[in-house]
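Heads up: the structure comes next, in structure tokens.
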Amino acid sequence: MAHSWLFGFTYFFTICMGCLFWNCLHHATDSDWSVVVRRQLENIASLIPYFAIFFIPVLASAGVLYKWWSMDPASEPLLAAKQPYLSQPFFIARAIGYFVLAGWVAYSLKRRSISQDADGSAAHSLVMRKFGIGGIPVVAIAITFAAFDWLMGLDYKWFSTMWGVYLFAGAAGSSMSLLVLIVSALKRRGYLSVVNLEHYHTMGKFMLAFTIFWAYIGFSQYMLIWYANIPEETVYYQIRNTGSWWYLSTFLVVGRFFLPFPVLLLQFTKKKPKLLCAVAIWILFMQLVDVYVIVLPALHPSGIAISPFDLSSLLGIGGILGWLFFRNLKNSPLYPMRDPRLGASLKLTN
Amino acid sequence: MSESTTAAAEVSLSTPPELARVPLVQNQRSIGWITDKVSKIVEERTPRWWWVAFLICSPVALMGLLCIGYQISNGVGIWGENKTVGWAWDITNFVFWIGIGHAGTLISAILFLTRQKWRTSINRAAEAMTLFAVVCAGIFPGIHVGRVWMAWFLAPVPNMQGIWPNFRSPLLWDVFAVSTYFIVSVLFWYTGLVPDLASLRDRAKGRVARFIYGVFALGWRGSNRQWRHYEMAYLLLAGLSTPLVLSVHSVVSFDFATSILPGWHTTIFPPYFVAGAIFGGFAMVLTIMLPARLLYPQVDDLITRQHVDKMAKIILLTGSIVGYAYLTELFIAWYGANPYEKFTFFNARLGLEGKGWYAWSYYVMMFCNVISPQLFWIKSMRTNYVAVFTVCMFVNVGMWFERFVIIVTSLAQDFLPSSWRHYSPSWVEVLTFVGTFGIFLSLFLLFMRFLPMIAMSEVKIVTPEADPHHTPHGPGAVANH
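Chains as they are written, first to last, in the numbering used here: chain C, 968 to 1317; chain U, 820 to 1300.
Structure representation (structure tokens):
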């Protein structure tokens, strides 16, 4: 049950962090194109502080999730060597740090953006740019160490320097996919008419870019661990490549890269919102599989054992987040109406 | 929902002055002006400074070639390597140069795909630099095989002895990656050159020049159909080059990371090497472009402070990514708690307990690559040419040291203290490396003399005049500036 919760928690956390990344990137690079879709990124990213609440069950079940949690460092030299990093107070302090830092950036960006809706002042853009630039290292550090703490720590003996980058790669691609879906859903109901096919094309290109990037990072990590064949590193893939996990791992590789890659490569796909939405749903599903393959083998090393809690935690966390999202949606215009770059965004051509 | 039909009326389509974009070509230069000023660089008499520079660089290049000849005739034994440190300056120099060769294709291909229009005035020179850097890089593994006349064994050519290359070795992947990269980069560079070569052909006064430029312009007439084909070819080559930019340095990183040597085997190597390559490459582009801009003040309106500012930002970004990788490596070395890994990072590299023979090089690397680019957080520093040039020189040094740190510190003090050996380069190694700078700079000087160092046709496309809706004296002109 604890693992199921962590699975649902991680899935939504990566997506929300990905949205924060895209929002920061938009401001840091002073982009034109993303103005019309930015409010939705802000809405999703502003859910980050709620993860502090969803983290409480993780913390409560840390003893089940993390073997090191209840171990005495004196009894295990490897754990002793990892002190004070793998200690309960520092673990909690770090988690608070991630939520506070990332939440603060997300909240500040959204607040400024909404203030701009009122007065249309360019000064807000300049402040948001500063937050965006500062937000990128915040996202990088928070994702990296959250990945180390919550996922790599499932086996305290295992390590990989690529781990943070791997989580980021999945987060960025799947959050862009979620954006496509939300924008499409709003368009379908007659809102967000400012988003046109050129914006879809751009979002599709980013989905493609991060499909490739995920594969590149995933392959590099796997290949280097496989090639060097050092037992303390291969243990991660050994579990996931044996028994029934092997089928799911193979499905992940095929489904996260080999299927969407050729489809997204075509310009046709990126300019057909319905098709792009189908690919987006697929990528979000594959991100689910990815997180599942990361978390659940820690509980069932011998093979897949699906539990109803996997689904219920997913629906529970997703449902609450969805409810919060829809509640917030109506509190602000659906796009930053008076952003000075809105005109340029409307005129986007690829 | 607050979106309403009246919302559109509130939308202001004009940009407030604080957010106005600076035009890429300054002083509203016309299309004819651009052709004229860039072509003049090639057409006018060779300036005196060029001869001075060439007469300095070419003997250095020659010295490098002589060293290579000397090395080939005497064998790799004349280098400073020993049984423990089997790789040192040779591979350091290879990775250094191949890294520099990444900026050009990044600017041309990735920035093209992401529609970064500012790339147009620097891409040509950066691509040329890429090619020359890859030439310099190729020398080192080439001569390191010892018996260079056997280098063709690297290619999977069926031969009488039935010898096949070891496909499982990343060193062989290097051969394929680097050669593919070089070929595609040449094609990409040449494709981009065709319209400009035609301009030079049309302007050439001498028959010989007209003939030579004419041959290489491939009969370009600038017709609609030719432009359509050209743009499609350019896009496809950009698409092909992009994975190559990422793959080459990833494969180079595999040379180290597939091993089990502490300090070499770490999974973050591929993206970290790619970021480092772009970082070092941009620094080298600026190292060359800033003096070139000084020597040709007529291109000031094309390579503006805005360009330098943006490149400085990329240096800051990639430098910080490299810093992230260094710190992640240090953290995981500690977290992984492998005593050998810990020794390499904390003793051999950081010099804790006074055990690091080459710890100084680690600090040089850290300072140059991570600390010095942080200066670019300050806007006035990014547009100050002296500051930018200084940081770029630090980065050039730092990126060489990065490879030296990775290669030599891991090897010299390996698992078994009794096999530890110091390494110092022999004069042949030093002079060969210096010689590659001569080769690189001589080739670049020749490029500046004979080919347009700014992609004229591409710069013209980003001028407001190129916009079909542009009206020189109408409101459009204001909106575009």
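Note that beta-carbon positions come from the ideal geometry of N, C-alpha and C, so glycine has one too.
Query - Nearest-angstrom beta carbon gap, S1216(C) and M1129(C) [assumed within contact, 8 Å] - result: About 17 Å; that fails the 8 Å criterion.
Query - Closest residue to F980(C) among V1025(C), M1038(C) and P1044(C) (Cα-Cα distance) - result: Distance check between F980(C) and each of V1025(C), M1038(C) and P1044(C) places V1025(C) closest, using alpha-carbon atoms only.
Report task. Answer with yes or no whether the minimum CB distance from P1090(U) to chain C is below 8 Å. Result -> yes
Query - Residue-level contact to chain U via CB, T1178(C), 8 Å cutoff - result: no
Requested in this report: Identify each residue in the stretch 972-996 of chain C for which the Cβ-Cβ distance to at least one residue of chain U is less than 7 Å, and report them in chain order.
Outcome: Along the stretch 972-996 of chain C, there is no position whose C-beta sits under 7 Å from a C-beta of chain U.
Query raised in the report: For the stretch 1060-1077 of chain U, which residues have a beta carbon sitting closer than 8 Å to at least one beta carbon of chain C?
Result: P1062, L1065, S1069, F1073, A1076 and T1077
Query raised in the report: Just curious, the alpha helix (DSSP H) that Q935(U) is in, first and last residue?
Result: For Q935(U), there is no enclosing alpha helix (DSSP H), as DSSP marks it with neither H nor E.
**Report entry** Closer than 8 Å to chain C by CB, P835(U)
**Finding:** yes
Query raised in the report: Under the three-state reduction of DSSP, which class applies to G1137(C): helix, strand or coil?
Result: helix
Requested in this report: For V1141(U), count neighbouring Cβ atoms within 10 angstroms of its own Cβ and tell me buried if that reaches 16, exposed if not.
Outcome: buried
Report task. For E863(U), count neighbouring C-beta atoms within 10 Å of its own C-beta (all shown protein chains included) and say buried if the count is 16 or more, exposed if not. Result -> exposed
Query raised in the report: Skipping 5 residues on each side, what residues in its chain have a beta carbon closer than 7 Å to that of N1166(U)?
Result: E1172, K1174 and G1175
**Report entry** Burial state of M1304(C) (16 or more Cβ within 10 Å)
**Finding:** M1304(C) is buried by the Cβ-count criterion.
Query raised in the report: Would you say Y1154(U) reaches chain C, if we count a Cβ-Cβ gap shorter than 8 Å as a contact?
Result: yes
Query raised in the report: Taking any Cβ of chain U, which residues in the stretch 1039-1060 of chain C have a Cβ under 7 Å from it, in chain order?
Result: L1045, A1048, K1049 and Y1052
Query raised in the report: For A827(U), which residues from the same chain have a beta carbon less than 8 Å from its beta carbon, with the 5 sequence-adjacent residues on both sides left out?
Result: Confidence at A827(U) is low in this model, with a pLDDT of 45, below 50, so the placement of that residue should be treated as unreliable; the coordinate-derived value is given next. Excluding positions up to five away in sequence, the list is empty.
Requested in this report: Flag this pair as yes or no: are the beta carbons of V1118(U) and I1273(U) separated by less than 8 Å?
Outcome: yes
Query raised in the report: Can you find a CB in chain U that lies within less than 8 Å of the CB of P1307(C)?
Result: yes
Query raised in the report: Can you list, in chain order, the residues of its chain whose CB lies under 7 Å from that of F1035(U), leaving out five sequence neighbours each side?
Result: L1016
Requested in this report: Indicate whether at least one CB of chain U lies closer than 8 Å to the CB of T1201(C).
Outcome: no
Report task. Answer yes or no: do L1118(C) and T1077(U) have a C-beta to C-beta separation smaller than 8 Å? Result -> no
Query raised in the report: Any idea what DSSP makes of T1209(C), helix, strand or coil?
Result: coil
Report task. Would you decide whether W972(C) is buried or exposed? Buried here means 16 or more other CB atoms lie within 10 Å of its CB. Result -> Under this definition W972(C) is a buried residue.
Query raised in the report: Which chain U residues are close to S1187(C), counting only those with a beta carbon under 9 Å from its beta carbon?
Result: S1069, S1072, F1073, A1076, T1086, I1087, F1088, P1089 and P1090
Query raised in the report: chain U beta carbons: is any one of them nearer than 8 Å to that of G1064(C)?
Result: No, no contact with chain U.
Report task. Could you check the C-alpha separation between F1075(U) and H1068(U) for me, to the nearest Å? Result -> 11 Å
Query raised in the report: Could one say the Cβ of T949(U) lies closer than 8 Å to chain C's Cβ atoms, at least one of them?
Result: no
Query raised in the report: If we ignore side chains and look at the alpha-carbon of each, how far apart do Y1302(C) and V1162(C) end up?
Result: 10 Å
Query raised in the report: What residues in the stretch 1150-1178 of chain U bring their beta carbon closer than 7 Å to a beta carbon of chain C?
Result: Listed by position, the residues of the stretch 1150-1178 of chain U near chain C (Cβ gap below 7 Å) are I1151, Y1154, G1155 and A1156.
Query raised in the report: What residues of chain U sit near A1195(C), judged by a beta carbon separation below 8 Å?
Result: A1076, T1077, S1078, I1079 and H1084
Requested in this report: Decide yes or no for the touch test of the stretch 912-929 of chain U against the stretch 1087-1100 of chain U: beta carbon pairs closer than 8 Å, at least 3 of them.
Outcome: The stretch 912-929 of chain U, when compared against the stretch 1087-1100 of chain U, does touch it at the 8 Å Cβ threshold.
Requested in this report: Check E1043(C) in the structure and name its three-state DSSP category.
Outcome: coil
Query - Cβ of T1128(C) within 8 Å of any chain U Cβ - result: yes
**Report entry** Proximity below 8 Å, CB of F1228(C) to CB of T1169(C)
**Finding:** In this structure, F1228(C) keeps its C-beta atom at 8 Å or more from the C-beta atom of T1169(C).
Report task. Please determine, among D993(U), F1266(U), L1054(U) and D1128(U), the residue with the shortest C-alpha to C-alpha distance to T1010(U). Result -> L1054(U)
Query raised in the report: Is the CB of S821(U) under 8 Å away from at least one CB in chain C?
Result: Here the model assigns S821(U) a pLDDT of 44, short of 50, so the residue's position is not dependable, and the following value carries that caveat. Output row for S821(U): interface = yes.
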